[in-house]
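Here's the structure we're looking at; comments come further down.
Residue numbers (the working numbering), protein chains in the order written: chain V, 1 to 129; chain P, 1 to 129.
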């Protein structure tokens, strides 16, 4: 067995959570919510995530329609281009998704480590790409 | 609170596990391995999953190259179109992925149920699409 000299990289590559037949939340929506909270702007959040303005707005509209309370409060347009903030419901949904990512990572860590030991080159763990 | 009259649908929509910077396993590869085990054919497995023949072979080649032992043993061509079986390593990787799906589902179930309660129409749980 190879000695472990560095911490294992995260095993969780992508987690999508189905809430009902129409609504799911994955890294795309969660990262968008997070970036809106950090930038105060749907347009800036979209740029940060290399997502088109139209796509960012579409995801926000979908999320706001799916939940009883909107997750993002925004003012379209205006000379400053409008602003956006996460509502308390938005903060809660984002926190819940991050908690599910962390819980899923813990839940799969041992099996993933076992599988890594079956790789042709188990010392290769370049996660830079 | 609405009464729960039916079991909750699964919360885990999509799980991809990163093994190293080059290798991950998600539902596409896992379902392909499972279908190969069940059909005895890469072509038939691809058809069942509505995946092109080329795509199915490409995924099998990637998996076989990534692990120390091949996951799928196959004979290309021939009058019967070749056959394929999962090796013991293939069975092990598939079982590990299914175990990780189940563990992740358990890990996120409560948070997902809480989020469902915030949906605009929490009684809607059509998972048919």
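We put the CB at the ideal spot given by N, CA and C, even for glycine.
Nothing here was measured: the structure is a model prediction, and the numbers come from that model.
Review point. According to the neighbour-count rule (16 or more other Cβ atoms, all chains shown, within 10 Å of its Cβ), is residue 34 (chain V) buried or exposed?
Key: buried
**Study point:** Contact set between residue 111 (chain P) and chain V, taken where Cβ atoms lie within less than 9 Å
**Key:** 17, 96, 97, 99, 100, 103
Check your understanding: Should residue 128 (chain P) be labelled buried (16 or more other beta-carbon atoms within 10 Å of its own) or exposed?
Key -> Only weak support is given to the placement of residue 128 (chain P): the predicted model assigns it a pLDDT of 42, under 50, and the value that follows is read from those uncertain coordinates. So residue 128 (chain P) ends up on the exposed side.
Practice item. Identify the contact partners of residue 120 (chain V) in chain P, using a Cβ-Cβ distance below 8 Å as the criterion. Key: 65, 66, 67, 68
**Study point:** Residue from P:103, P:85, P:25 with nearest C-alpha to residue 39 (chain P)
**Key:** Answer by Cα proximity: P:85.
Review point. Which parts of the stretch 38 to 102 of chain V are runs of the alpha helix (DSSP H), unbroken and 4 residues or longer, counting only runs that do not cross its ends?
Key: 42 to 48, 53 to 66
**Study point:** Extent of the continuous beta strand (DSSP E) run through residue 12 (chain V)
**Key:** 12 to 18
Review point. For residue 142 (chain P), which of helix, strand or coil comes out of DSSP?
Key: As displayed, chain P neither begins before 1 nor continues past 129, which places residue 142 (chain P) out of reach and without an answer.
Practice item. Could you tell me whether the Cβ of residue 125 (chain P) comes closer than 8 Å to any Cβ of chain V? Key: Caution applies to residue 125 (chain P), whose pLDDT of 49 falls short of 50 and renders its modelled position unreliable; the value that the coordinates give is listed next. For residue 125 (chain P), the answer is yes, since a Cβ of chain V falls inside 8 Å of its Cβ.
Practice item. Run the CB neighbour count on residue 58 (chain V), radius 10 Å, all protein chains shown included, and call it buried at 16 or more, exposed below. Key: exposed
Point to revise | residue 114 (chain V): contacting residues in chain P (beta-carbon distance under 7 Å) | key: 96
**Study point:** Beta-carbon separation (whole angstroms), residue 25 (chain P) vs residue 17 (chain V), contact threshold 8 Å
**Key:** Residue 25 (chain P) to residue 17 (chain V), Cβ: 19 Å. No contact.
**Study point:** Cβ neighbour criterion (16 or more within 10 Å) applied to residue 53 (chain V)
**Key:** With fewer than 16 Cβ atoms within 10 Å of its Cβ, residue 53 (chain V) is classed as exposed.
Practice item. Have a look at residue 105 (chain V) and residue 69 (chain P) and give me their C-alpha separation to the nearest angstrom. Key: 26 Å
Check your understanding: With 8 Å set as the bound, which would you pick, yes or no: does the beta-carbon of residue 36 (chain V) sit closer than that to a beta-carbon of chain P?
Key -> No - not a single Cβ of chain P is within 8 Å of the one on residue 36 (chain V).
**Study point:** Cross-strand partners of residue 25 (chain V) (DSSP beta bridge)
**Key:** V:17
Check your understanding: If contact means a Cβ-Cβ distance below 9 Å, which residues of the stretch 43 to 56 of chain P contact chain V?
Key -> none
Exercise for review: For residue 72 (chain P), collect the residues of the same chain with a Cβ closer than 8 Å to its Cβ; drop the 5 residues on either side in sequence, then sort them by chain order.
Suggested key: 33, 36, 42, 60, 63, 64, 84, 85, 86, 87, 90
Review point. Which whole-angstrom value is the C-beta distance of residue 115 (chain V) and residue 19 (chain P), which I expect to be below 8 Å?
Key: 6 Å
Review point. Do you know whose CA, among V:98, V:55, V:45, lies nearest residue 112 (chain P)'s CA?
Key: Among V:98, V:55, V:45, the Cα nearest to that of residue 112 (chain P) is on V:98.
Review point. Where does residue 120 (chain P) fall in DSSP's three states?
Key: For residue 120 (chain P), the secondary structure class from DSSP, reduced to helix, strand or coil, is coil.
Point to revise | Residue burial classification, residue 21 (chain V) (beta-carbon count within 10 angstroms, cutoff 16) | key: It is exposed - the Cβ of residue 21 (chain V) has fewer than 16 other Cβ atoms within 10 Å.
Review point. Going by C-alpha distance, which of P:45, P:15, P:9 is nearest residue 100 (chain P)?
Key: P:15
Practice item. Starting from the beta carbon of residue 24 (chain P), find every residue of chain V whose beta carbon is closer than 9 Å, and list them in chain order. Key: 13, 14
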